[in-house]
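Below is one structure; the comments refer to it alone.
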Amino acid sequence: MVKDNEAEILLALYKIQDRLQELVELSTVVNAEVLEASKQRMLGKSTLRKKIYELCNGKRSVGQIAAETSKSIQQISQNVALLQNAGLIREARGGGKEKYYVRAR
0 MVKDNEAEIL LALYKIQDRL QELVELSTVV NAEVLEASKQ RMLGKSTLRK KIYELCNGKR
60 SVGQIAAETS KSIQQISQNV ALLQNAGLIR EARGGGKEKY YVRAR
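Position one of the sequence shown corresponds to residue 0 (numbering that gives the first Met the number 0), numbered consecutively onward.
Shown next as structure tokens:
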């Protein structure tokens, strides 16, 4: 009797584990789709944001991006904030400066 209950419990736990794995996989796909849609919306509207995103493939500060694009630090900061809010780039702090990089895909 006890072994039967243990077997039923174990079977139920395996089913739960399988379902959780399916949900994790689904969540990963949905997150990737949402990120890609956000990327298309943000980058399709602005060549400057597209350039900033491309430059963030390596960690860069706002000042470095401004120098490479010949734009003001204010313009770059505003667009970096938009890209961050969209989840496309992230901030790395260290050495007294914030640097920005493309979020892992």
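For each residue, glycine too, the CB sits at the ideal point set by N, CA and C.
Out of the options, which one is the CA nearest neighbour of residue i?
| i | options | result |
| --- | --- | --- |
| E97 | N4, N30, V61 | V61 |
| G94 | I88, R59, L42, A85 | R59 |
| N80 | L19, E67, G57, L47 | In the sequence as presented, Asn is not what sits at residue 80; that position holds Ala. Considering only alpha carbons, the answer is L47. |
Should residue i be labelled buried (16 or more other beta-carbon atoms within 10 Å of its own) or exposed?
| i | result |
| --- | --- |
| N78 | buried |
| K38 | buried |
| I15 | exposed |
| Y13 | exposed |
| I8 | exposed |
Could you tell me whether the Cβ atoms of residue i and residue j are closer together than 8 Å?
| i | j | result |
| --- | --- | --- |
| I64 | I75 | yes |
| E67 | L54 | yes |
| L22 | G86 | no |
| N56 | V28 | no |
On the DSSP bridge assignment, give the partners of residue i in chain order.
| i | result |
| --- | --- |
| Y99 | R59, E90 |
Any chance you could list the alpha helix (DSSP H) runs of at least 4 consecutive residues sitting entirely within the stretch 26-72, in chain order? 46-54, 61-68
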